[in-house]
Structures are given as structure tokens and as C-alpha cells.
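Note sheet for the following structure.
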């Protein structure tokens with residue numbers, strides 16, 4: 015049973031560029047959450063997708079947007095990149111049908127903005 | 045506003061010792077409290093979680109103690125091993141964990157052989 019997968023593993027961009035990160039949830043999971051983890055800090059919630067809709071959003075500017083596809087996979091898009099967007103971006107999936115909402119994390123995408 | 049406060053920031057213990065990490069929360073609506081372990085370059089891995097209807101939960105060498113009135117919970121790692129050396133995060137969530145996780149800042153544990 016494959017866990018949560020994310021791509022790419024690493025990414026280097028320059029200021030002002032746009033980036034798309036991808037996530038495939040754990041088998042049987044229908045909810046995807048995205049988190050940003052700066053070096054030496056705990057993950058910060060960006061947003062959560064369920065049934066292809068953004069269900070909850072953290073304190074991030076609208077440069078951060080996302081999408082969930084019918085197969086439950088998800089994308090995180092960041093426009094007009096800033097140096098401060100350099101971080102590990104984590105995707106977590108959970109399932110709503112079992113009533114157990116444990117969130118399982120992927121390995122993350124390391125984004126470096128130069 | 046930091047809703048989950050974690051302490052200490054770092055801890056060094058000898059092999060076989062007990063590691064204790066403490067967390068305090070502010071939002072009384074939180075009803076799900078997981079602990080995650082993270083190794084360098086990896087995503088956080090769920091270790092153990094507790095809900096407020098119990099005061100303690102044990103899984104192997106890991107035990108969560110929960111004090112609802114004090115709004116505090118802690119992770120105890122018994123018989124600590126060098127392989128336990130990692131960063132540990134406490135977190136909290138509403139609606140049984142279906143909503144966003146609010147994380148503490150993490151604690152780096154080093155277990156010396």
C-alpha cells in the first residue's frame with residue numbers, strides 16, 4: 015500500500031516565478047491538506063481540500079492556491095515567489111469515511127527560491 | 045498567536061533513559077492531540093494520538109499523558125534508543141482531527157549510546 019507521495023523532491027526557482035507541487039494521497043483517503051515547514055519550525059497549515067473544494071484555509075496570501083482532482087490527488091500552486099517561500103512543503107492525506115481522521119504526511123518537496 | 049506551546053526545544057538523554065516532551069494548548073475546542081516524529085529530510089510520521097476522553101494512552105515505549113483541566117499533554121519515551129534521535133512535534137486539531145493540525149515548534153531529541 016503506497017503512502018502519500020509528492021513530486022518533485024526538490025525544486026529551485028527564482029523570485030517572481032511560479033511553481034506547482036503535486037501530491038497523491040494514501041490509498042483510501044479523500045482529503046488532502048498542505049503545510050509549509052520553514053527550517054527549524056513546525057509545519058504551518060496552508061489549506062485543506064475535500065471533494066475538490068477548499069474546505070479550510072490558513073493564514074497564507076492568495077498567491078498560494080490549490081486544486082484537488084477527482085482521483086483525490088492535489089496540486090499546490092505558488093505565484094510570484096518570494097525568498098521567504100523557501101521551505102519544505104508537506105502534503106498530508108486523511109480519510110473521512112472511517113471516522114478516523116489521522117493525517118499521514120508525504121516526504122515533502124523542498125523549495126528553494128533564489 | 046502560538047496556540048500550541050512545546051517544551052523543551054532540545055533534549056539530550058542517555059540510551060535507556062526516559063525522554064519527556066511537554067505541550068500546552070489554548071483553544072479548548074481542540075479535541076485531538078497527535079504526536080509526530082520527523083527525521084532530517086523526511087516528512088513527519090504519526091507516532092501516537094489521544095482524544096480528551098482518556099487521560100493516558102500507551103503504545104509500546106511511547107505514552108501520552110493528557111490533563112484536560114490544565115490544557116497540557118506530554119509524550120514519554122521509555123527506554124530511549126539512539127534510533128529515537130529525531131525532532132518531535134505535538135499538534136492539536138478540532139472536530140476529531142478532521143480540521144487543520146496546529147503544530148508546536150518541535151523538540152530535537154538526541155539519544156547518546
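Protein chains in written order, with our numbering: chain C, 15 to 128; chain F, 45 to 157. Idealized CB from N, CA, C, for every residue including glycine.
Less than 8 Å between the C-beta atoms of residue i and residue j, yes or no?
i, j, result
"residue 52 of chain F", "residue 151 of chain F", "yes"
"residue 55 of chain F", "residue 117 of chain C", "no"
"residue 35 of chain C", "residue 97 of chain C", "no"
"residue 83 of chain C", "residue 60 of chain C", "no"
"residue 62 of chain F", "residue 124 of chain F", "yes"
"residue 103 of chain F", "residue 94 of chain F", "no"
"residue 62 of chain C", "residue 50 of chain C", "no"
"residue 75 of chain F", "residue 140 of chain F", "yes"
"residue 80 of chain F", "residue 47 of chain F", "no"
"residue 59 of chain F", "residue 138 of chain F", "no"
"residue 153 of chain F", "residue 128 of chain F", "yes"
"residue 102 of chain C", "residue 119 of chain C", "no"
"residue 65 of chain F", "residue 50 of chain F", "yes"
"residue 19 of chain C", "residue 38 of chain C", "yes"
Would you mind reading off the limits of the beta strand (DSSP E) that contains residue i?
i, result
"residue 62 of chain F", "Per DSSP, residue 62 of chain F belongs to no beta strand (DSSP E) and is neither H nor E."
"residue 101 of chain C", "101-108"
"residue 78 of chain F", "77-82"
"residue 81 of chain C", "78-82"
"residue 133 of chain F", "130-136"
"residue 92 of chain C", "88-92"
"residue 123 of chain C", "123-127"
"residue 67 of chain C", "67-71"
"residue 51 of chain F", "48-51"
With a 10 Å radius around its C-beta and 16 neighbouring C-beta atoms as the bar for buried, classify residue i as buried or exposed.
i, result
"residue 119 of chain F", "buried"
"residue 72 of chain F", "exposed"
"residue 32 of chain C", "exposed"
"residue 123 of chain C", "buried"
"residue 26 of chain C", "exposed"
"residue 142 of chain F", "buried"
"residue 98 of chain F", "exposed"
"residue 94 of chain C", "exposed"
"residue 108 of chain C", "buried"
"residue 133 of chain F", "buried"
"residue 53 of chain C", "exposed"
"residue 24 of chain C", "exposed"
"residue 21 of chain C", "exposed"
"residue 128 of chain C", "exposed"
"residue 99 of chain C", "buried"
So, does the CB of residue i fall closer than 8 Å to a CB anywhere in chain F?
i, result
"residue 104 of chain C", "yes"
"residue 63 of chain C", "no"
"residue 22 of chain C", "no"
"residue 118 of chain C", "yes"
"residue 30 of chain C", "no"
"residue 38 of chain C", "no"
"residue 115 of chain C", "yes"
"residue 70 of chain C", "yes"
"residue 50 of chain C", "no"
"residue 122 of chain C", "yes"
"residue 56 of chain C", "yes"
"residue 47 of chain C", "yes"
Just checking: is the beta-carbon of residue i within a distance shorter than 8 Å of some beta-carbon in chain C?
i, result
"residue 143 of chain F", "yes"
"residue 147 of chain F", "yes"
"residue 93 of chain F", "yes"
"residue 102 of chain F", "no"
"residue 88 of chain F", "yes"
Under 7 Å from any heavy atom of the ligand FAD, does the C-beta of residue i make it?
i, result
"residue 94 of chain C", "The ligand FAD is not part of this structure, which contains no ligands at all."
Q: At 3 residues or longer, and completely inside the region 94-121 of chain F: list those beta strand (DSSP E) runs for me, N to C.
A: 100-103, 106-111 and 116-121
**Q.** Any alpha helix (DSSP H) of 4 or more consecutive residues that is wholly inside the region 29-58 of chain C
**A.** none
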